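Participant: Heads up, the sequence shown is in the working numbering, so the first residue is 1 and it goes up one at a time.
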Amino acid sequence: MEIKLPTDVKMIIDRLCGSGYDGYAVGGCVRDSLMGAAPHDWDLTTDALPDEIERIFADYKTLDIGKRFGTIAVMVNAELYEITTYRVDGAYSDARHPDEVSFSDRLRDDLARRDFTVNAMAYNDREGLVDPYGGARDLSDGVIRCVGVPAERFGEDALRILRALRFAATLGFTIEPETSKAILSQRTLLNTIAAERIRDELLKLLCGDQADFILRRYRSVIAVLIPELKGTFDFEQHSKHHNRDVYRHTVAAVRNVEPEPLLRVTMLFHDIGKPLAQTTDKHGICHYRNHPKIGAAMTREILRRLCMPNAFIDEVCTMIRYHDERFKPEPVMLKGYLKLLGADMMLKLMLIQRADILAQSMYLRAEKLSNLAAVSDELRRIITSEECYSLRQLAVSGADLLHIGYASGIRIGQTLDQLLDLVIAGELPNEKEALIARAKELFDKPE
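Quick look at the structure:
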């Protein structure tokens, strides 16, 4: 198999080989190249020791980004390329990092320490593909398989459990039986992994084309990461609007929304509050009237624990809070929500509600989708026609109120807000003269 190496990568390999050492592209870049995808990074490996790598590339800027573990980065044409000496890892007492490493002069030793066969391949133009563990075959067959004994690989680095699920979700691969068995039996090792690492892998997993299958098949693993989701497992909804339990409905909703982190995370947690909110009427029908508020509060704590950015948390929780709102294609109502939430949030809520409806039963589905389409059309009409729904669009400003005698402070904000509400309700035109006249009337009223 031939891989077209970038010019700079080929130069690095040629320089290593010209100095009497091995040089190969290795790992994910080889995998991606064989799949016809553009690699994000090109990592290289060699039998040259770190000091020798620095000597060979003395005319380039080099960075010690892990010399103790054999890695030197070389800057070529403003790009960083990591070059790592063949190594054999020692014991992993923290189930994440080797306590020590020893360098080797054999490529196979280095490939043996890697996680999955599809990541344990190396390449250079002289020897072609080096693939001692059948990675190319597994890549062709769409299989994620550990190198060697799965239990040993996961015991060395528990994050590999989540990486296996992420690769399966994003590549559409299956996980071979022994690897799958080890994932399930060793899932509690994930409790040793830093929240930031879990966050990064989970977001990629959720945006994979096969995220729904992984969320269903490996829900016990997901529950280690997010124990609060266990309450939704097998929790029947006893409602004509639903034909799935809460978790299966959740997974279907994740599948139905665009693969963007914000939207998929929102769908993963949108109904997490239902088990706590359930009430049952005299006819045995269940209701969940307060579940958006409960779910938003639960989600905020979960996302904080996962070290998500504050702005991301706020947006997800707001969408969960309003995901079950009964919007109607009425301008006054929609302008009120646009004032409250903004145009971007309202348009995202349309996507959230559509995904939610498609994950429900067929009961009233056509009517729900028809109403949602009408709401979406009216929202876009309001937004594109620039009808007034925000203070930014209002024909008067705080400076105008100061000019007619208002003192700076909270009353200006309150008055502008009142004027905006009157414009939204259709009781005042968004015209400066009319707004100033009403502002004067409000000014004469006692605070």
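We put the CB at the ideal spot given by N, CA and C, even for glycine.
None of these values were measured; they are calculated from a predicted model.
Going by other Cβ atoms of all chains shown within 10 Å of its Cβ, with 16 needed for buried, is I13 buried or exposed?
Facilitator: When all chains shown are included, I13 counts as buried.
Participant: Suppose you measure from the CA of R113 to the CA of V74; what does that come to, to the nearest Å?
Facilitator: Answer to the nearest angstrom: the Cα atoms are 23 Å apart.
Participant: Can you look up E54 in the DSSP assignment and give me helix, strand or coil?
Facilitator: E54: helix per DSSP, three-state reduction.
Participant: Determine the DSSP secondary structure at G148, reduced to helix, strand or coil.
Facilitator: Residue state, collapsed to three classes: coil.
Participant: So is Y363 buried or exposed if we call it buried at 16+ other beta carbons inside 10 Å?
Facilitator: Under this definition Y363 is an exposed residue.
Participant: What is the DSSP secondary structure of C286, reduced to helix, strand or coil?
Facilitator: Strand, per DSSP.
Participant: Taking the alpha carbon of I272 as the point to measure from, which residue in Q237, A434, G27 and V147 has its own alpha carbon closest?
Facilitator: Here the closest residue by C-alpha is Q237.
Participant: What do you reckon, are the CB atoms on A122 and L139 nearer than 8 Å?
Facilitator: Contact flag unset, no.
Participant: Contact check, L420 vs R438 under 8 Å by CB: the rounded distance?
Facilitator: With 8 Å as the limit, L420 and R438 do not qualify as a contact, their Cβ atoms being about 11 Å apart.
Participant: Cα-Cα, which of R255, D314, G398 and P429 is closest to T170?
Facilitator: When only C-alpha atoms are compared, the closest one is R255.
Participant: Taking A359 and A223 to be in contact with their CB atoms under 8 Å, please state how far apart those CB atoms are, rounded to whole angstroms.
Facilitator: Not confirmed; about 20 Å, so no contact.
Participant: Can you round the beta-carbon distance between D109 and Y86 to whole angstroms, since I take them to be within the 8 Å contact cut?
Facilitator: 6 Å between Cβ atoms; contact.
Participant: Pick out the complete alpha helix (DSSP H) segments inside the stretch 309–349, 4 residues or longer, and give them in chain order.
Facilitator: Complete alpha helix (DSSP H) runs here, min 4: 310–322 and 331–341.
Participant: Let's see if you can read the secondary structure: which residues bound the alpha helix (DSSP H) around F443?
Facilitator: Here the alpha helix (DSSP H) through F443 covers K432 to D444.
Participant: Please state whether DSSP places V396 in a helix, a strand or coil.
Facilitator: Looking at V396 - three-state DSSP - the assignment turns out to be coil, as it is neither helix nor strand.
Participant: Given that a residue counts as buried once 16 or more other Cβ atoms are within 10 Å of its Cβ, and exposed if not, what is V332?
Facilitator: When all chains shown are included, V332 counts as exposed.
Participant: Return yes when the Cβ of P261 is within less than 8 Å of the Cβ of A203, no when it is not.
Facilitator: Checking the sequence, you will find Leu at residue 203 rather than Ala. Contact: yes.
Participant: Quick one: Cα of E79 to Cα of L44, how far?
Facilitator: Answer to the nearest angstrom: the Cα atoms are 14 Å apart.
Participant: Spell out a yes or no on whether the stretch 370–383 and the stretch 314–334 are touching, meaning 3 or more CB-CB pairs, one atom from each, closer than 8 Å.
Facilitator: Counting Cβ pairs under 8 Å, three or more are found: they touch.
Participant: Report the partner residues of A122 according to the DSSP bridge assignment.
Facilitator: Partner(s): V26 and V130.
Participant: Should the stretch 387–396 be called in touch with the stretch 273–293, which here means at least 3 C-beta pairs below 8 Å?
Facilitator: No, the stretch 387–396 does not touch the stretch 273–293.
Participant: Once the 5 residues before and after R219 are set aside, which same chain residues still bring their CB inside 8 Å of it?
Facilitator: Correct list, in chain order: L229, F233 and Y247.
Participant: Kindly indicate which three-state DSSP category D209 falls into: helix, strand or coil?
Facilitator: Note: D209 maps to coil in three-state DSSP.
Participant: Can you list, in chain order, the residues of its chain whose CB lies under 6 Å from that of C317, leaving out five sequence neighbours each side?
Facilitator: Excluding residues within five positions, the ones whose Cβ falls inside 6 Å are A296, T299 and R300.
Participant: May I ask you to report which of helix, strand or coil DSSP gives A194?
Facilitator: The answer is coil: DSSP assigns A194 none of H, G, I, E or B.
Participant: If we count the other Cβ atoms within 10 Å of its Cβ and call it buried at 16 or more, is T117 buried or exposed?
Facilitator: Result: buried.
Participant: Cutting at 6 Å between CB atoms, please list the residues of its own chain near D105, excluding the five before and the five after it.
Facilitator: Result list for D105: D47, in chain order.
Participant: Less than 7 Å between C-beta atoms, sequence neighbours within five positions excluded: which residues of the same chain meet that for I436?
Facilitator: For I436, where only same-chain residues beyond five positions count, the Cβ hits under 7 Å are V396, D400 and I404.
Participant: Which two residues bound the contiguous alpha helix (DSSP H) that contains R305?
Facilitator: Segment H291 to R305, the alpha helix (DSSP H) holding R305.
Participant: Starting from Y81, trace the beta strand (DSSP E) both ways and give me its first and last residue.
Facilitator: Run containing Y81: E79 to T85, per the beta strand (DSSP E) assignment.
Participant: If I'm right that E201 touches L162 with Cβ under 8 Å, what's the distance once you round it to whole angstroms?
Facilitator: The Cβ separation is near 4 Å, so the contact holds.
Participant: According to DSSP, what are the bridge partners of D8?
Facilitator: None; D8 has no bridge partner.
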